[in-house]
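Student: Handing you a structure now.
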Amino acid sequence: MSTILISGGTVVTASGTLDADVLVAGEKIAAVLAREATGAGATGETAGGVEDSAAAVAADRVIDASGKYVLPGGIDVHTHMEMPFGGTFSADTFETGTRAAAWGGTTTIVDFAVQAKGTSLLATLEAWHAKADGNCAIDYGFHMIISDVNDTTLKEMDACIAAGVNSFKMFMAYPGVFYATDGEILLAMQQAARSGATVMMHAENGIAIDQLVAQAIAAGRTDPVNHGLTRPPELEGEATSRAITLAQVANCPLYIVHLSASQALAAVAEARDNGQNVFAETCPQYLYLSLDDLARPDFEGAKFVASPPLRPKEHQDSLWRGLRTNDLSVVSTDHCPFCFKDQKELGRGDFSKIPNGMPGVEHRMDLLHAGVAAGKLTLPRWVEVASTTPARMFGLYPRKGVIAAGSDADIVIYDPQARQTLSAATHHMNVDYSAYEGMEITGKVVTTLSRGRPVIDEGTYAGSPDHGMFLIRGLNQYLV
Ligand code: URP
Ligand code: ZN
Ligand code: ZN
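The sequence shown lines up with residues 855 to 1334 when you count with the working numbering.
So, in structure tokens, the structure goes:
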């Protein structure tokens, strides 16, 4: 079994920082070796496996992490690789998307299998396994999108859970495509509740939105900014409240995906204060970008079309605050890239035909670190929202999400001083634009290990598409 010693770094976990070396044996973390168990640099306890300093551990390879952070690998629980949507497919395959994720310090993704109307959940799961199997540079799991609620689908939910897929996304948006009625949502929530599975909700009032969209098109308001104007934040707040009420009636754990609006956040905070099992994520695009980007001229705004839409800037402060107060527990990307050329362009002259989705899987850790550098998040909270909580929320902890003896050696060595400029010219996602073109960031991944294997090795790709394993996940570990 080969061994790697990561020496000289600062281990950052959700509970604090520690000057420690990390010994990797095969696919697992063998030990966390404190250099100064009580000395300078220790600001909290590091979970599990801390032993006395053993600088002389003989290892096959020693990686010098002096001046660097040593983090548990990022876990992005909301991606859409090669997703059929809007008459086309998202542009990253599992191969290109997981490679890009590794470049950005993400070592696990949880992607969405998408049930098409008239098909079964199990056939859908099989189809998604066929897409991903042998094509992933890092480990992966699946959630299931339910778009056809009927007796068979409801029964199949248990079979999905047995197969390691115990989170089900439903849509209050997109009538005629993924939309489910309140009654259908209630049925699926009741079914999920029987086994403790989580329903994930795309919470926008799609019925009302479709009326606003039809009015805009009829009035000749066809530019991309109208995507945002026809999906007002109030309709995200309303749908979020409704989803929370349905979940309360069904006694079902609820996870609000890609939360973007302060109205929705207020509803989540109230439900959490009431002790309900309600959780929410936001995404970097809602923390950094705004309706102003959707309003960029010459159809450039199409690059920023995703749902829920980018909001007026005022919402950003609430989202950062929600991350600090844990009303927002997770940051995922909702990575769903469509190229500007030929894909986003499908909506020239009619914003409602622009495929919804934005790229982001590569830059989540960096953009959140930029939040640390700007004083909006602490270092441990960065790790918590990007790795540890996603692991717990989706039944992967402590195998993933922590630097501790016995956990998978999914480890990122991160240089907090390095400077980089985000750009389509240098990113690794299979998409012809960057939503953050020209943005200067402090911090960069140096090395990414996935189960002990270097995938990014000191700035060079060293992975392979047959390395990533499907992860059978347990239930949400926050349920009471
Ligand atoms: O616009 C988005 N978010 N596209 C991906 C599908 C979804 O709703 O998450
Ligand atoms: Zn969604
Ligand atoms: Zn999504």
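We treat Cβ as the ideally placed atom computed from N, Cα and C, and that holds for glycine.
Measuring only the C-alpha atoms, how far is residue 1054 from residue 981?
Tutor: Taking the first residue of the sequence shown as position 1, residue 1054 is located at position 200. Taking the first residue of the sequence shown as position 1, residue 981 is located at position 127. One C-alpha to the other measures close to 21 Å.
Student: Quick check: the Cα distance between residue 883 and residue 1020, rounded to an integer number of angstroms?
Tutor: For the purposes of this step, residue 883 is identified with residue 29 of the sequence shown, where counting begins at 1. For the purposes of this step, residue 1020 is identified with residue 166 of the sequence shown, where counting begins at 1. Going by the C-alpha atoms only, they are around 27 Å apart.
Student: At the level of alpha carbons, what is the spacing between residue 892 and residue 937?
Tutor: Mapped onto the sequence shown, residue 892 falls at position 38. Mapped onto the sequence shown, residue 937 falls at position 83. Caution applies to residue 892, whose pLDDT of 42 falls short of 50 and renders its modelled position unreliable; the value that the coordinates give is listed next. Computed Cα separation, rounded: 49 Å.
Student: Which whole-angstrom value is the C-beta distance of residue 1265 and residue 1303, which I expect to be below 8 Å?
Tutor: Within the sequence shown, numbered from 1, the residue matching residue 1265 stands at position 411. Within the sequence shown, numbered from 1, the residue matching residue 1303 stands at position 449. Right, their Cβ atoms sit about 4 Å apart.
Student: So for residue 1285, helix, strand or coil by DSSP?
Tutor: Translated into positions along the sequence shown, residue 1285 becomes position 431. In the structure shown, residue 1285 sits in coil (DSSP, three-state: anything other than H, G, I, E or B).
Student: State the Cα-Cα distance for the pair residue 1169 and residue 1104, rounded to the nearest angstrom.
Tutor: Translated into the one-based positions of the sequence shown, residue 1169 becomes position 315. Translated into the one-based positions of the sequence shown, residue 1104 becomes position 250. Approximately 30 Å between the Cα atoms of the pair.
Student: Quick check on residue 955: does DSSP put it in helix, strand or coil?
Tutor: In the sequence shown, residue 955 corresponds to position 101, counting from 1. Reduced to three states, the DSSP call for residue 955 is helix.
Student: Between the C-alpha atoms of residue 930 and residue 1135, what's the straight-line distance to the nearest angstrom?
Tutor: Here residue 930 refers to the residue found at position 76 when the sequence shown is read from its first residue. Here residue 1135 refers to the residue found at position 281 when the sequence shown is read from its first residue. Roughly 11 Å between the two C-alpha positions.
Student: Give me, in chain order, the residues of the same chain whose beta-carbon lies closer than 6 Å to that of residue 896; leave out the 5 immediate sequence neighbours on both sides.
Tutor: Numbered from its first residue, the sequence shown carries residue 896 at position 42. Below a pLDDT of 50, predicted positions are generally treated as unreliable, and residue 896, at 44, falls in that range; the measurement from the model is reported next regardless. Only 872 meet the Cβ criterion.
Student: Go through the stretch 1121 to 1183 residue by residue and report every complete run of the alpha helix (DSSP H) that reaches 4 residues or more, in order.
Tutor: Taking only runs of at least 4 residues, the alpha helix (DSSP H) segments lying wholly in the stretch 1121 to 1183 are 1138 to 1142, 1145 to 1148 and 1168 to 1179.
Student: Excluding the 5 residues flanking residue 1188 on each side, which residues of the same chain have their C-beta closer than 8 Å to its C-beta?
Tutor: Along the sequence shown, one-based indexing puts residue 1188 at 334. Taken in chain order, the residues that qualify are 932, 933, 934, 1111, 1112, 1137, 1139, 1160, 1211, 1212 and 1214.
Student: Please report the residue range of the alpha helix (DSSP H) in which residue 1220 lies.
Tutor: Sequence index remark: in the sequence shown, residue 1220 carries index 366 (1-based). Note, residue 1220: alpha helix (DSSP H), 1218 to 1227.
Student: Drop a sphere of 10 angstroms on the beta-carbon of residue 952, count the other beta-carbons inside from all chains shown, and report buried for 16 or more, exposed for fewer.
Tutor: Along the sequence shown, read from residue 1 onward, the residue named residue 952 stands at position 98. With 16 or more Cβ atoms within 10 Å of its Cβ, residue 952 is classed as buried.
Student: Please classify residue 1112: does DSSP put it in a helix, a strand, or coil?
Tutor: Start at 1 with the first residue of the sequence shown, and residue 1112 comes out as number 258. Three-state DSSP puts residue 1112 in coil, outside helix and strand.
Student: Based on the DSSP secondary-structure assignment, which residues constitute the bridge partners of residue 864?
Tutor: Looking up residue 864 in the sequence shown gives position 10. 873 and 923.
Student: According to DSSP, what are the bridge partners of residue 888?
Tutor: Counting from one through the sequence shown, the residue named residue 888 turns up at place 34. Bridge partners of residue 888: 874.
Student: For the pair the stretch 1232 to 1250 and the stretch 943 to 958, tell me if three or more CB-CB distances fall below 8 Å.
Tutor: Contact fails: fewer than three Cβ-Cβ distances are below 8 Å.
Student: Following a CB-centred definition, is residue 1111 positioned closer than 7 Å to any heavy atom of ligand 2?
Tutor: On the sequence shown, residue 1111 is found 257 positions in, with the first residue counted as 1. Checking the Cβ of residue 1111 against ligand 2 gives yes.
Student: Exposed or buried, residue 1307, counting other C-beta atoms within 10 Å across all chains shown (16 or more means buried)?
Tutor: Along the sequence shown, one-based indexing puts residue 1307 at 453. Looking at its Cβ environment, which holds 16 or more other Cβ atoms inside 10 Å, residue 1307 is buried.
Student: Using the Cβ count rule (16 or more neighbours within 10 Å means buried), how would you classify residue 1155?
Tutor: Sequence index remark: in the sequence shown, residue 1155 carries index 301 (1-based). Flag for residue 1155 reads buried.
Student: What are the residues that DSSP puts in a beta bridge with residue 1294?
Tutor: Counting from 1 along the sequence shown, the entry for residue 1294 is found at position 440. Answer by DSSP bridge pairing, in chain order: 1275.
Student: Where does residue 1269 fall in DSSP's three states?
Tutor: Locating residue 1269 in the sequence shown gives position 415, where the first residue counts as 1. In the structure shown, residue 1269 sits in a strand (DSSP, three-state: E or B).
Student: Using DSSP with H/G/I as helix, E/B as strand and the rest coil, what is residue 1204?
Tutor: Reading the sequence shown from its first residue, position 350 is the one you call residue 1204. Of the three classes helix, strand and coil, the one that applies to residue 1204 here is coil, per DSSP.
Student: Could you name the residues of the same chain whose beta carbon sits closer than 6 Å to that of residue 960, not counting the 5 residues immediately before and after it, in chain order?
Tutor: The residue labelled residue 960 in the question sits at position 106 within the sequence shown. Same-chain partners within the cutoff: 928 and 930.
Student: Taking the alpha helix (DSSP H) that residue 1037 falls in, what are its first and last residues?
Tutor: Counted from its first residue, the sequence shown places residue 1037 at position 183. From DSSP, the alpha helix (DSSP H) with residue 1037 extends over 1036 to 1049.
Student: Taking the beta carbon of residue 1166 as the centre, do at least 16 other beta carbons fall within 10 Å, making it buried, or is it exposed?
Tutor: In the sequence shown, counting from the first residue as 1, residue 1166 sits at position 312. Exposed is the call here.
Student: Using a threshold of 7 Å, is the CB atom of residue 1169 nearer than that to any non-hydrogen atom of ligand 3?
Tutor: Here residue 1169 refers to the residue found at position 315 when the sequence shown is read from its first residue. Checking every heavy atom of ligand 3 against the Cβ of residue 1169, none is found closer than 7 Å.
Student: Specify the secondary structure class of residue 1195 as computed by DSSP and reduced to three states.
Tutor: Counting from one through the sequence shown, the residue named residue 1195 turns up at place 341. Residue 1195 falls in the coil class under three-state DSSP.
Student: Under 8 Å, do residue 1090 and residue 1123 count as touching if we go by C-beta distance?
Tutor: Residue 1090 sits at position 236 when you count from the first residue of the sequence shown. Residue 1123 sits at position 269 when you count from the first residue of the sequence shown. In this structure, residue 1123 does not lie closer than 8 Å to residue 1090 by Cβ.
Student: Helix, strand or coil: which one does DSSP assign to residue 816?
Tutor: There is no way to answer for residue 816, as the model of the chain reaches only from 855 to 1334.
Student: So within the stretch 1040 to 1109, which uninterrupted alpha helix (DSSP H) runs reach at least 4 residues, ignoring any that extend past its ends?
Tutor: Runs found: 1060 to 1072, 1079 to 1083 and 1087 to 1104.
Student: Put residue 1241 into one of helix, strand or coil per three-state DSSP.
Tutor: Locating residue 1241 in the sequence shown gives position 387, counting from the first residue. Note: residue 1241 maps to helix in three-state DSSP.
Student: Considering Cα atoms alone, identify which of 1327, 1331 and 1200 is closest to residue 1183.
Tutor: Along the sequence shown, read from residue 1 onward, the residue named residue 1183 stands at position 329. Ranking the options by Cα distance to residue 1183, first place goes to 1331.
Student: Could you check if residue 1189 belongs to the surroundings of ligand 2, using beta carbon to heavy atom distance under 7 Å?
Tutor: Position 335 of the sequence shown, counted from the start, is the residue given in the question as residue 1189. No, the Cβ of residue 1189 stays beyond 7 Å of every heavy atom of ligand 2.
Student: Kindly indicate which residue of 1069, 1221, 947 and 1011 has the alpha-carbon position closest to the one of residue 987.
Tutor: Mapped onto the sequence shown, residue 987 falls at position 133. Nearest of 1069, 1221, 947 and 1011 to residue 987, Cα basis: 947.
Student: Spatial neighbours of residue 1039 within its chain, please: CB distance less than 6 Å, with the 5 preceding and 5 following residues excluded, ordered by chain position.
Tutor: Mapped onto the sequence shown, residue 1039 falls at position 185. So the qualifying residues of the chain are 1024 and 1100.
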